[in-house]
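Working notes, beginning with the structure itself.
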Amino acid sequence: MIFIAASLSFALIHLAPGDPFSGSITSPGLDPETARIRRSQYGLDRSLLQQYVTFIGNVVVGNLGQSIRHGRPVSEVLGIALPRTLLLMGTALILSFAAGVALGAWQAARRGSRADRVAGATSLVVASLPEFWLGLVLLLVFTYKLPLFPGGGIVGYMHDSLSPVGQLIDRVRHLALPSLTLAVLGTATIARFQRAALLDVLPHDFVRTARAKGVAERWVVYRHALRNALVPTIVLAGLSLPTLFGGAVFVESVFSWPGMGLEAAAAFAARDYPLVVGTALLGAVIVVIGGMITDVLHAAVDPRVRAR
Amino acid sequence: MTQPPLLTVSDLRTYFYTSAGVARAVDGVSFTIAAGETLGIVGESGCGKSVTALSILRLIQPPGRIEAGSSILFEGQDLLKLDDAGIRRVRGNRIAMIFQEPMTALNPVFTVGDQIAEVARVHASASRRAAWDRAVEMLTLVGIPAPAQRAREYPHQLSGGMRQRVLIAMALIMNPALVIADEPTTALDVTIQAQILELLGDLQQRLGTSIAMITHDLGVIAEVASRVLVMYGGEVVEEARVEALFEVPHHPYTEGLLHAMPRVGRRQERLAVIPGTVPPPTAWPSGCRFRDRCPYAWERCAREHPPLYQIGPGHTSRCHLAEEPERRVRRPDAVAVGKGDGPTQPMQGVA
Amino acid sequence: MTSVSLSQPQVADDVGVGGSSPWETALRALARDRSAMLGLVVLGVIAVVAIVTPLIAPGDYCIAQPDIIRLKNIPPSAAHPLGTDKFSRDVLARLICGARVSLAIAFLSVLVAATVGTIYGAIAGYVGGIADSVLMRAVDALLAIPRVLLLIAVATLWNPLGITGLVLVLGLTGWFGVSRLVRTLVASARHDDFVAAARALGAGDVRILVHHILPRVVSPVLVAGTLGIGNVIVIEAGLTYLGMGVQPPHASWGSMFYDGIEYFPSVWWVCVFAGAALVVTVLAVNLVADGLREALDARQLPAR
Numbered sequence: 001m002i003f004i005a006a007s008l009s010f011a012l013i014h015l016a017p018g019d020p021f022s023g024s025i026t027s028p029g030l031d032p033e034t035a036r037i038r039r040s041q042y043g044l045d046r047s048l049l050q051q052y053v054t055f056i057g058n059v060v061v062g063n064l065g066q067s068i069r070h071g072r073p074v075s076e077v078l079g080i081a082l083p084r085t086l087l088l089m090g091t092a093l094i095l096s097f098a099a100g101v102a103l104g105a106w107q108a109a110r111r112g113s114r115a116d117r118v119a120g121a122t123s124l125v126v127a128s129l130p131e132f133w134l135g136l137v138l139l140l141v142f143t144y145k146l147p148l149f150p151g152g153g154i155v156g157y158m159h160d161s162l163s164p165v166g167q168l169i170d171r172v173r174h175l176a177l178p179s180l181t182l183a184v185l186g187t188a189t190i191a192r193f194q195r196a197a198l199l200d201v202l203p204h205d206f207v208r209t210a211r212a213k214g215v216a217e218r219w220v221v222y223r224h225a226l227r228n229a230l231v232p233t234i235v236l237a238g239l240s241l242p243t244l245f246g247g248a249v250f251v252e253s254v255f256s257w258p259g260m261g262l263e264a265a266a267a268f269a270a271r272d273y274p275l276v277v278g279t280a281l282l283g284a285v286i287v288v289i290g291g292m293i294t295d296v297l298h299a300a301v302d303p304r305v306r307a308r
Numbered sequence: 001m002t003q004p005p006l007l008t009v010s011d012l013r014t015y016f017y018t019s020a021g022v023a024r025a026v027d028g029v030s031f032t033i034a035a036g037e038t039l040g041i042v043g044e045s046g047c048g049k050s051v052t053a054l055s056i057l058r059l060i061q062p063p064g065r066i067e068a069g070s071s072i073l074f075e076g077q078d079l080l081k082l083d084d085a086g087i088r089r090v091r092g093n094r095i096a097m098i099f100q101e102p103m104t105a106l107n108p109v110f111t112v113g114d115q116i117a118e119v120a121r122v123h124a125s126a127s128r129r130a131a132w133d134r135a136v137e138m139l140t141l142v143g144i145p146a147p148a149q150r151a152r153e154y155p156h157q158l159s160g161g162m163r164q165r166v167l168i169a170m171a172l173i174m175n176p177a178l179v180i181a182d183e184p185t186t187a188l189d190v191t192i193q194a195q196i197l198e199l200l201g202d203l204q205q206r207l208g209t210s211i212a213m214i215t216h217d218l219g220v221i222a223e224v225a226s227r228v229l230v231m232y233g234g235e236v237v238e239e240a241r242v243e244a245l246f247e248v249p250h251h252p253y254t255e256g257l258l259h260a261m262p263r264v265g266r267r268q269e270r271l272a273v274i275p276g277t278v279p280p281p282t283a284w285p286s287g288c289r290f291r292d293r294c295p296y297a298w299e300r301c302a303r304e305h306p307p308l309y310q311i312g313p314g315h316t317s318r319c320h321l322a323e324e325p326e327r328r329v330r331r332p333d334a335v336a337v338g339k340g341d342g343p344t345q346p347m348q349g350v351a
Numbered sequence: 001m002t003s004v005s006l007s008q009p010q011v012a013d014d015v016g017v018g019g020s021s022p023w024e025t026a027l028r029a030l031a032r033d034r035s036a037m038l039g040l041v042v043l044g045v046i047a048v049v050a051i052v053t054p055l056i057a058p059g060d061y062c063i064a065q066p067d068i069i070r071l072k073n074i075p076p077s078a079a080h081p082l083g084t085d086k087f088s089r090d091v092l093a094r095l096i097c098g099a100r101v102s103l104a105i106a107f108l109s110v111l112v113a114a115t116v117g118t119i120y121g122a123i124a125g126y127v128g129g130i131a132d133s134v135l136m137r138a139v140d141a142l143l144a145i146p147r148v149l150l151l152i153a154v155a156t157l158w159n160p161l162g163i164t165g166l167v168l169v170l171g172l173t174g175w176f177g178v179s180r181l182v183r184t185l186v187a188s189a190r191h192d193d194f195v196a197a198a199r200a201l202g203a204g205d206v207r208i209l210v211h212h213i214l215p216r217v218v219s220p221v222l223v224a225g226t227l228g229i230g231n232v233i234v235i236e237a238g239l240t241y242l243g244m245g246v247q248p249p250h251a252s253w254g255s256m257f258y259d260g261i262e263y264f265p266s267v268w269w270v271c272v273f274a275g276a277a278l279v280v281t282v283l284a285v286n287l288v289a290d291g292l293r294e295a296l297d298a299r300q301l302p303a304r
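Now the structure itself:
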């Protein structure tokens, strides 16, 4: 799978008109001779097939080329940026899963009631919000109108001079708004889905059996039905990773969070092809790994899957 | 018999309020079950037998509703007047239910041992350990080999017959006074069917439980029941002791059912059927609900809804033929039902 | 999953609906859905305003730049109900003009995505076998790449990306989900009895595909497409905000963000109103999509 993604990236690069050294912004007025030397440096003058083989070979060992903008290997640049993005996405994912499942289940147990309808309408509205807009609004409210949270970045100016506890608090404060932005959106989406999934499970026979055993209604819903309804939600969470990534890109821009998204946006401005393509590739890798983790979780919750 | 009956259902009415109209699934059903007896409830799909069973334990969900005026007396209480906690104390504890489809009736994500033990935990406040041990005991009782190991398995790992045994174990673990079995053998192979029925009969003898056996299969009734209720159109149309029902059925519907059963040792060119289909519960016909399919119906049947007539001791029938037996003549336009020889022979055993 | 028997015994399941075609039933169900109708009305209003206003307004409504210095960055007031931006343009006017661009781009790219996805998925599902597996593996791999990152990569490599390019690129990155959906539907329909019947009557593959199977596919694709429109509006706005999408002289709602972010948050009205327009539109689209989904689902169930 990654192989296909990599091949695709290669195709992309070479389908594009021109190459990094023909009249790009980073090297205006490059005389033909220097351009030729640079090209051969980057191996762009060899035959297409040779380049393809080299490319794949490089990807396999993790070599994604040199970042034009940074002058350092792409893998190095991304190696620093990626964990930050993962921190952001991970926090958001955990928060939205927990809150979304709880909200969806709570709604399903009160199906049709006023509370359910209000929550449902709210979720619909929230799920329709663009991430960067929500981020901007949160920024407006919580940083400028009520100065509760810092306006961006991953750590504050005086981070190094703080005590360990202070440093932790500082990090949390900086993480709060960006991850909250993503989490709020995620919660709305998951809650809607979880509610539907739970309502789907409730008419099943085994739920009736549980009632016939004398189990209290609350446990029927939260223990018997929910455990079954979690399964599709876990699958959904796994499938939503690429979208989450996209959201992270925008949120990082709004909050100046120095992760992969911000790097990608900067790379765009600088026509840094290797970096940009590297981001896409790396994103795919993360998603695939995420998918594998989801499979494991799925098997943990649903014993029927384990048999296969 | 001086002992009061264990369960007395009086004028039970369960209606479903759907967008297509009000479906009177159970429309005035009354019967009793004595301690230690097995009552068979028989009828086609759509006659209301399952809904009756679910109503007893108040497992009817909206848009269904048990109507006012119904009463279900059990162990000195009207089950319909209990609060939520009250009815929960009865479910699985004093009255237990065995469902039809063993695969879908069990929760796929919990072990079978866990699901059986849960009943003990809920009703006897047993510890996890104690409840688990009891569950394993029950698995032995229902004849599952290697019970300790099986208890740790999941429903999808067991065969249909074993799952049904698990359901039986789950129903009996608190030694209930009444077990309602809703088509417990329909989803199983014939050989397994026989085993399950034997098991139920065996357990009943040992534990003295009453059983309400709901089925559409007269063969099952013949095997396990002492008394039978025949249902049609949301009502009881005939009630009798088993022998009487098979030897001298009164209601044309019962007659039709018996005729429809293929019998070993009798040559038939064609399987007899009862013509027509069950009418929808949103629109029961006026008068007698069976009249459109009845070979003897005359104009009184469309006009007057028949009450339950007393035919003999412990034998009632909801048919005007009780008052006008000379009308029991096949109409010329009625489709031939069987070869016309009445059910004069006693049952030859399960077909 | 094996078939589920629902706990309530089926009551009245042979009471028919009465003769109307599935489409009529669906349309009627949709009309009864108040929120979906609300969404449609909102969208209709936006579309009409967007198309008509520039036509009837005096002069070149969408390009006018009156007094460059004096009207810069004015908060909402009587003359300019939503304020002005840093280039002295009326925010309301920009919203209306931007609507055309944003909506057109979203609609067209979803059209591209739906078309490509349906064709791809139909072929894969119908042909089956190894070809199907290969095609779907490719789609799975493509689905794994976060769309935004892919878009950024493409935007970098093909710089500058015109409007047509943008539509194409958005469309070509959005068809994967549709193709999987279509493929599943076609693959299962392939084994249905009516296909065998059609074949027995001598119908060729293409005719079977187009005439018999594709109509089944229309409604889920329609729902997916509607949801996709909402999605793309947001993505396009985001990309433009980052500088990668719509470029001057064209302007979409995203462009307003791009321009407005400079003085944010003191000059808050540009971004907030642009965002509000986005939210309202996407919300309306989602309401319609939800309503469509329920209406089209309903016709497949027998009478309750």
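Chains as they are written, first to last, in this note's numbering: chain A, 1 to 308; chain B, 1 to 351; chain C, 1 to 304.
All residues carry an ideal CB built from backbone N, CA and C; glycine is no exception.
Whole-number beta carbon distance between residue j and residue i, since they are thought to touch under 8 Å
{"i": "A187/B", "j": "G160/B", "result": "6 Å"}
{"i": "D182/B", "j": "F74/B", "result": "No, D182/B and F74/B are not in contact; Cβ-Cβ is about 18 Å, not under 8 Å."}
{"i": "A25/B", "j": "V51/B", "result": "4 Å"}
{"i": "A99/C", "j": "A138/C", "result": "Contact flag wrong, Cβ pair sits at about 36 Å."}
{"i": "S226/B", "j": "V242/B", "result": "6 Å"}
Residue range of the unbroken beta strand (DSSP E) whose run includes residue i
{"i": "I66/B", "result": "64-66"}
{"i": "F16/B", "result": "7-18"}
{"i": "Y309/B", "result": "309-312"}
{"i": "R241/B", "result": "235-241"}
{"i": "S35/C", "result": "Where S35/C is concerned, there is no enclosing beta strand (DSSP E), although the alpha helix (DSSP H) it sits in stretches over 34-56."}
{"i": "T215/B", "result": "210-215"}
Residue span of the alpha helix (DSSP H) that contains residue i, given as start and end
{"i": "D205/A", "result": "205-212"}
{"i": "T173/C", "result": "163-174"}
Cross-chain neighbours of residue i in chain B, by beta carbon under 7 Å
{"i": "H298/A", "result": "Simply none; closest approach about 12 Å."}
Within chain A, partners of residue i - CB distance below 7 Å
{"i": "V122/B", "result": "K213, G214, V215"}
{"i": "N93/B", "result": "G214"}
Residue i, buried or exposed, once every other Cβ within 10 Å from all chains shown has been counted against 16
{"i": "N286/C", "result": "buried"}
{"i": "F16/B", "result": "buried"}
{"i": "V126/A", "result": "buried"}
{"i": "G76/B", "result": "exposed"}
{"i": "T209/B", "result": "buried"}
{"i": "Y232/B", "result": "buried"}
{"i": "K213/A", "result": "buried"}
{"i": "T187/A", "result": "buried"}
{"i": "E150/B", "result": "A quick correction: the sequence has Arg, not Glu, at residue 150/B. That one is buried."}
{"i": "P248/C", "result": "exposed"}
{"i": "K81/B", "result": "exposed"}
8 Å Cβ cut-off: residues of chain C touching residue i
{"i": "P242/A", "result": "L143, A144, I145, P146, R147"}
Closer than 9 Å at the beta carbon, the chain B residues around residue i
{"i": "R173/A", "result": "By Cβ distance, chain B contributes nothing, its closest Cβ being about 40 Å from R173/A, past 9 Å."}
Per-residue contacts from residue i into chain A (C-beta, under 9 Å)
{"i": "G275/C", "result": "L129, P130, F132, W133, L134, L136, V137"}
Closer than 8 Å at the beta carbon, the chain A residues around residue i
{"i": "W268/C", "result": "L140"}
{"i": "V166/B", "result": "In chain order: nothing, as chain A lies at least about 11 Å away."}
Is the number of C-beta pairs between the region 252-259 of chain B and the region 305-314 of chain B that are closer than 8 Å three or more? no
Does the region 92-112 of chain A come into contact with the region 178-198 of chain A, if we say contact requires no fewer than three beta-carbon pairs (one atom in each stretch) closer than 8 Å? yes
contact_flag[the region 231-239 of chain C, the region 101-111 of chain C] where n(CB pairs < 8 Å) is 3 or more: yes
Under 8 Å, with one C-beta from each stretch per pair, do the region 16-32 of chain B and the region 275-282 of chain B reach the 3-pair mark? yes
Could you check whether the region 113-130 of chain A touches the region 205-223 of chain A, counting it as contact only if at least three pairs of C-beta atoms, one from each stretch, sit closer than 8 Å? no
Are there three or more Cβ pairs, one per stretch, closer than 8 Å when the region 284-302 of chain B is compared with the region 213-230 of chain B? no
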